[in-house]
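Start counting the sequence shown at 1; every next residue gets the next number (the UniProt record's numbering). We put the CB at the ideal spot given by N, CA and C, even for glycine. Since the structure is predicted, the reported quantities are computational estimates derived from the model, not experimental observations. Have a look at the structure below, then the notes.
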Amino acid sequence: MVCDEIKSRKYSGLSAITESFRLEYYNFVKQWRQGKTIRMKDFAGWASCQISSWGEVWPSCIGGIPLGNLRDVNYDFKSIWFSKKSNQIRKRLKSGNESFPLANAFYSNALCNYGVFARVLLNVFKLIKI
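Structural data, given as structure tokens:
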């Protein structure tokens with residue numbers, strides 16, 4: 001329904017890119033809700049992180065796994081990001097094959113996943129309707 005509405009409109013520029021990512025995300029959620037196993041490499045802790053208002057640094061918005069707290073290291077992000085603990089957590093995350101239907105996690109992973117990114121680009125050209 002929503003995807004059909006998106007596909008029926010004409011877009012240009014940034015809006016075509018935005019809607020293309022949305023189409024891919026909505027398809028991901030649809031498959032997830034149907035109970036299908038979706039394997040997408042998770043780049044949590046590599047391509048992005050979350051920083052809470054209390055200074056906690058997490059590799060992802062999912063799970064709340066703390067890498068460290070900026071307040072404890074005089075706000076030296078590098079000391080947390082390149083720490084032994086962070087590397088161990090990244091290794092653990094890399095071995096997992098879980099998928100979660102959260103938009104911000106999906107979009108970060110989609111930017112780093114060649115297959116998903118290729119589909120997004122293909123959809124951009126379809127949405128522009130030249």
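| query | Considering only residues of the same chain and omitting the five flanking positions on each side of residue 70, which have a CB-CB separation below 6 Å? | reply | 55
| message | Does residue 47 come out as helix, strand or coil in the three-state DSSP assignment? | response | coil
| Inter-residue Cα distance where the pair is residue 101 and residue 36 | 12 Å
| task | Let me know the secondary structure DSSP gives residue 81 once reduced to three states. | result | helix
| task | Compare the beta carbon distance of residue 59 and residue 93 with 8 Å and say whether it is the shorter of the two. | result | yes
| message | For a quick check, are the C-beta atoms of residue 73 and residue 62 less than 8 Å apart? | response | no
| request: Whole angstroms is fine: what's the gap from residue 125's alpha carbon to residue 17's? | output: 9 Å
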